[in-house]
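**Q** Attaching a single structure in C-alpha cells format; questions to follow.
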Amino acid sequence: MSSSAHSDSAASPSLDHEPPIEIETGANPGASVIWLHGLGADGSDFVPIVPELRLPEHLAVRFIFPHARRMPVTWNNGHVMRAWYDIVSVDDDKRHADEAGVRASRDAVRAWIKREEARGIPATRIIVAGFSQGGAIAYTTGMTHPEPLGGILALSTYVPIPSIIAEEGRSGSESTPVFAAHGSDDAVVPMPLGERACGIVRDAGHPLRWETYPMGHSVHPREIADIGAWLIERLG
1 MSSSAHSDSA ASPSLDHEPP IEIETGANPG ASVIWLHGLG ADGSDFVPIV
51 PELRLPEHLA VRFIFPHARR MPVTWNNGHV MRAWYDIVSV DDDKRHADEA
101 GVRASRDAVR AWIKREEARG IPATRIIVAG FSQGGAIAYT TGMTHPEPLG
151 GILALSTYVP IPSIIAEEGR SGSESTPVFA AHGSDDAVVP MPLGERACGI
201 VRDAGHPLRW ETYPMGHSVH PREIADIGAW LIERLG
C-alpha cells in the first residue's frame, strides 16, 4: 500500500493553530476517515497504524488526524494538555464531561465532514473514528449527524453525555454502523463504560459490532486487523 502524508491547512477548520495530518493511501481518495486522538496525545498518535490496516491497493482512503487544542483539564489538576473537552471529575462508572466542550468538538468534526464533502467524498464514505476521549467525540458526532455516515469507529471509549444522543439523535442516521472495541483489562476507561455505550448505540438502532481484546487502555494487533477488515467491508 503506497501512501503520502502531509499537513493541510487550506480551507481547514481549526481546532488549534496546527493543521491536521493527512495521509492518502492512493491517488484520488474516494473515502475519508477522520481519526481523533486520546487525551494528552496529538494527531500523530495513530498515524503509524495506517499501513498496519493493510488496505488493498485499489482502496484509496484519506486519513485525517486533527490535533485537539490545549486546555486546562480539571480532573488533572488543571494541567494544560490537548483535550477535546474538559473532564471535570472521574468516578469508577462515570466521566463528568464539560458539555459545552463536547459540543464544540462535535461541531468542529462536523466542519471536517463538510470539508470532505466539498472535496468530493459523500457522507456515506466518511468514517469518524477515535480512541478514548477522541472516541467519545466520534460517538457524539456520528450519532447526532444530520445524515448517515460511513461508520463510527469507537476504540476504548464511552459516550460522554448520553443526553446529547437522546435529544439530538437523528432519524436516518441510525443506519450508520458502529465498530466498538475495548480492552478487557482497561483501568483508564473500565469496560463497563464501553458496554454502557454499546447499550446506547443499540437503543438508538445503529448496527453494532462489539469486540473485546486482552489488553489495557491501548491497541491490540488483532484489533488493528479487525479494524482493517471492517474498513474494507465498509469502504471497499
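Residue numbers for the sequence shown follow the UniProt record's numbering, beginning at 1 and rising by one. C-beta atoms are modelled at their ideal positions from N, C-alpha and C, and glycine is treated no differently. Keep in mind the model is a prediction, meaning the values are calculated, not measured.
1. Beta strand (DSSP E) containing R209: first to last residue?
2. Determine the burial state of S156: buried for a count of at least 16 other Cβ atoms within 10 Å of its Cβ, exposed for fewer.
3. DSSP has residue 237 in a bridge; who is on the other side?
4. For E167, count neighbouring C-beta atoms within 10 Å of its own C-beta (all shown protein chains included) and say buried if the count is 16 or more, exposed if not.
5. Verify whether the separation of the beta carbon atoms of L149 and A83 is less than 8 Å.
6. Near G236, what residues of its chain come up, given a Cβ to Cβ distance below 6 Å and the 5 sequence neighbours on each side ignored?
7. What do you get for A180, buried or exposed, if any count of 16 or more other CB atoms within 10 angstroms of its CB means buried?
8. Could you give the distance in angstroms between the alpha-carbon of G209 and the alpha-carbon of V73?
9. Which term fits P66, buried or exposed, when burial requires 16 or more other beta carbons within 10 angstroms of its beta carbon?
10. Express the C-alpha separation of E223 and V47 in angstroms, rounding to a whole number.
11. Out of curiosity, what's the CA-to-CA distance linking D45 and G205?
12. Considering only DSSP beta bridges, list what W35 is partnered with.
13. Check whether the Cβ atoms of I164 and T144 sit closer than 8 Å, and answer yes or no.
14. Evaluate contact between the segment 26–42 and the segment 131–138, counting only Cβ atoms and requiring at least three cross-stretch pairs below 8 Å.
15. May I ask which residues mark the beginning and end of the beta strand (DSSP E) holding I87?
16. Could you give the first and the last residue of the continuous alpha helix (DSSP H) run that contains G228?
17. Please report the distance separating the alpha-carbon of M71 from that of V88.
18. R54 and S32 - do their beta-carbons sit closer together than 8 Å?
19. In whole angstroms, what separates the C-alpha of P221 from that of A97?
20. Should P72 be listed as close to the ligand FAD, given that the test is whether its C-beta is under 7 Å from any heavy atom?
**A** So, from the data block:
1. Where R209 is concerned, the enclosing beta strand (DSSP E) starts and stops at L208 to Y213.
2. Around the C-beta of S156, 16 or more other C-beta atoms lie within 10 Å, and the residue is accordingly described as buried.
3. The displayed coordinates of the chain run from 1 to 236. Any statement about residue 237 would go beyond what the structure contains.
4. Looking at its Cβ environment, which holds fewer than 16 other Cβ atoms inside 10 Å, E167 is exposed.
5. Between L149 and A83, the C-beta gap is not smaller than 8 Å, which leaves the two residues out of contact.
6. Excluding its 5 nearest sequence neighbours in each direction, G236 has C-beta neighbours in its own chain below 6 Å: L59, listed in chain order.
7. Flag for A180 reads buried.
8. The residue you asked about is not Gly; residue 209 is Arg in the sequence shown. R209 and V73: Cα-Cα distance of roughly 32 Å.
9. With 16 or more other Cβ atoms within 10 Å, it is buried.
10. Cα to Cα, V47 sits roughly 16 Å from E223.
11. Rounded to the nearest whole angstrom, the C-alpha separation of D45 and G205 is 31 Å.
12. DSSP lists A129 as partners of W35.
13. For I164 and T144, yes; Cβs fall inside 8 Å.
14. By the Cβ criterion, the segment 26–42 is in contact with the segment 131–138, since at least three pairs of Cβ atoms, one from each stretch, lie closer than 8 Å.
15. I87 to D91 is the extent of the beta strand (DSSP E) around I87.
16. Segment P221 to L235, the alpha helix (DSSP H) holding G228.
17. Straight-line Cα distance between these residues: approximately 12 Å.
18. 8 Å or more divides the Cβ of S32 from the Cβ of R54.
19. Looking at the two C-alpha atoms, the distance is approximately 30 Å.
20. In the structure shown, the ligand FAD is absent, as is every other ligand, since no ligand is present at all.
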